[in-house]
């Protein structure tokens, strides 16, 4: 099933007869298919450049009535009242919420609802709960996190812009906890190696001590 992304919702004044072609080359893979750029969405005026007579009134693709207002929208090669070109889910006016609209399954959608319905979702690496496709996320290598979950998993320190963080054993750590873990790891390595050295010394010295005891006897 084709998914089309339309871009460039633009208003420009009085009766311009040329369309604004601000085309964005983009391919975005989603669960629902490939989102492809499908054309332009523009707003044009019904009056002449010098405030002259009105242009021929167009019929709205949604309500079927003639568009007599000063501005109209053109999208999907059709004309719309500004109030009629709305998201099929949240009912927002698409000419006001941004420069893109999406069509799929006979629905016209804003970006947020398109991603909510058809976008790829994933699980937060910290809380393991689902992250909706429309939410902002934080990433560390292959891990994805809710914004509120992106904190040190040792002390719960919330990171600010410019703070360093470390991904250690698939856990996010602040600089302090990461360095502390390194210190303890080095101490454990040192202690285990020292213990092994002492044991090896004891093993090599034991036969000599036994020989000395036999000689004294």
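In full-length UniProt numbering, the protein residues as written are 1 to 217.
A virtual CB, placed ideally from N, CA and C, is assigned to each residue, including glycine.
Quick check on DSSP: helix, strand or coil for residue i?
| i | result |
| --- | --- |
| residue 59 | strand |
| residue 137 | strand |
| residue 164 | coil |
| residue 186 | helix |
| residue 216 | Its pLDDT being 48, under 50, residue 216 is placed unreliably in this model, and the coordinates cannot settle the point. |
Based on the DSSP secondary-structure assignment, which residues constitute the bridge partners of residue i?
| i | result |
| --- | --- |
| residue 146 | 137 |
| residue 174 | 165 |
| residue 181 | DSSP, once it has assigned bridges, lists no residue as partnering residue 181. |
Just confirm the distance between the C-beta atoms of residue i and residue j, as a whole number of angstroms; I'd bet it's less than 8 Å.
| i | j | result |
| --- | --- | --- |
| residue 174 | residue 157 | 5 Å |
| residue 116 | residue 133 | 6 Å |
| residue 185 | residue 153 | That pair is no contact at about 17 Å. |
| residue 86 | residue 94 | 6 Å |
Once the 5 residues before and after residue i are set aside, which same chain residues still bring their CB inside 6 Å of it?
| i | result |
| --- | --- |
| residue 78 | 61 |
| residue 114 | 102 |
| residue 150 | 138 |
Spatial neighbours of residue i within its chain, please: CB distance less than 7 Å, with the 5 preceding and 5 following residues excluded, ordered by chain position.
| i | result |
| --- | --- |
| residue 80 | 60, 61, 62, 72, 73 |
| residue 88 | 107, 108, 109 |
So, at 8 Å on beta carbons, what are the nonlocal neighbours of residue i in its own chain, with the 5 sequence-adjacent residues on each side left out?
| i | result |
| --- | --- |
| residue 65 | 59, 81 |
Can you list the alpha helix (DSSP H) stretches of 4 or more residues lying completely in the stretch 69-135, in chain order?
-> 111-118
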